[in-house]
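Notes to accompany the following structure.
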Amino acid sequence: MATRRPKTLHFWNGHLPHWQVENGRYFVTIQLRGAVPQVARERMESLIEKSMKTIREIDNDEADRHLLLSRAIFREMERWLDRAPSVTHFRNTDLCEMMIESIEHRQQRGVWEMFSFAIMRSHIHLFFDFNNQKSLKNELEEFKRWTGHQATRINTQWDGKRFWQSEWFDHWSRSDEEDVKIIRYIRNNPVKAGLAGHVGIYPFCK
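Note that my numbering numbers the sequence shown so that position 78 is 83, with each residue one more than the last.
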């Protein structure tokens with residue numbers, strides 16, 4: 006298995022750590038505001054702090070440290086997202102269709118090459134190859150602003166500025182084998198959540 010070890014272009018740290026790498030393929034999860042409760046976010050922040058301390062003590066390179074940290078964060082986040090969500094805006098099919106249009110519009114603009122996505126009840130998963138000339142942070146923030154604004158047009162009860170959680174989870178794939186695993190995970194997600202009987206029939210998943 007050939008492992009990708011791309012150069013880090015940007016790193017920034019909010020509540021979660023974020024990387025942009027050269028020629029990156031990214032698995033991104035964006036949650037609706039309130040989908041993961043405050044107690045869970047505090048647990049993840051504590052987990053990140055403890056993991057970073059442990060990882061610094063391990064003699065490995067930046068790519069390996071990123072992988073260890075990403076796996077720890079995602080396992081914790083997945084535990085909460087797999088529970089019955091209290092925020093389920095994506096039960097609205099008009100909203101799901103708007104999200105797909107927004108994803109496809111950015112594909113046409115050359116922002117990303119989308120390999121797979123799933124629009125769940127309380128969050129979305131995206132897996133894409135990203136245009137190296139653009140800022141991952143800026144593009145995802147613009148995507149969230151635009152879709153949040155459009156959501157208020159669909160239902161005025163939603164506050165566009167507070168539609169999404171303030172951050173997102175991102176992880177860059179290290180190999181073709183990992184690409185396949187990520188796509189399989191995303192396409193299986195609607196089945197795992199009880200939204201479809203088997204892979205391929207859920208309309209808001211690619």
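Note that the Cβ used here is the ideal one computed from N, Cα and C, for glycine as well.
If you check the CB distance, Phe132 and Ile188 come in under 8 Å.
Within the same chain, and ignoring the five residues on either side of Ser180 in sequence, the residues whose Cβ sits closer than 8 Å to its Cβ are Met6, Ala7, Thr8, Arg9. In the structure shown, the three-state DSSP call for Asp184 is helix.
Residue pairing by DSSP places His176 opposite Phe32 in a beta bridge. With a contact defined as Cβ atoms closer than 8 Å, Val41 and Gln170 qualify at about 7 Å. From the listed residues Arg111, Phe174, Asn194, Gly205, the smallest Cα separation to Trp17 is found for Phe174. The C-beta separation of Met104 from Ile124 comes to about 5 Å, placing the pair in contact by the 8 Å criterion. The beta carbon of Ala156 sits closer than 8 Å to the beta carbons of His94, Leu100, Met103, Trp163, Gly165, Phe168 from its chain, once the five residues preceding and following it are set aside; these are given in chain order. Per DSSP, the unbroken beta strand (DSSP E) holding Leu14 starts and ends at 13–18. Annotation: Asp99 is outside any beta strand (DSSP E); the continuous alpha helix (DSSP H) that includes it extends over 98–113. Looking at the DSSP output, Ile129 sits in a beta bridge with Ile35, Ile124.
Boundaries of the beta strand (DSSP E) harbouring Trp24: 22–26, taken from the DSSP string. Nearest to Leu21 by C-alpha distance, out of Val185, Val33, Phe135, Lys139, is Val33.
For Gln170, the secondary structure class from DSSP, reduced to helix, strand or coil, is strand. In this structure, the alpha-carbon of Glu146 lies about 24 Å from that of Tyr190. With 16 or more neighbouring CB atoms inside 10 Å of its own CB, Gln36 falls in the buried class. By the neighbour-count definition (other C-beta atoms within 10 Å, threshold 16), Pro208 is an exposed residue.
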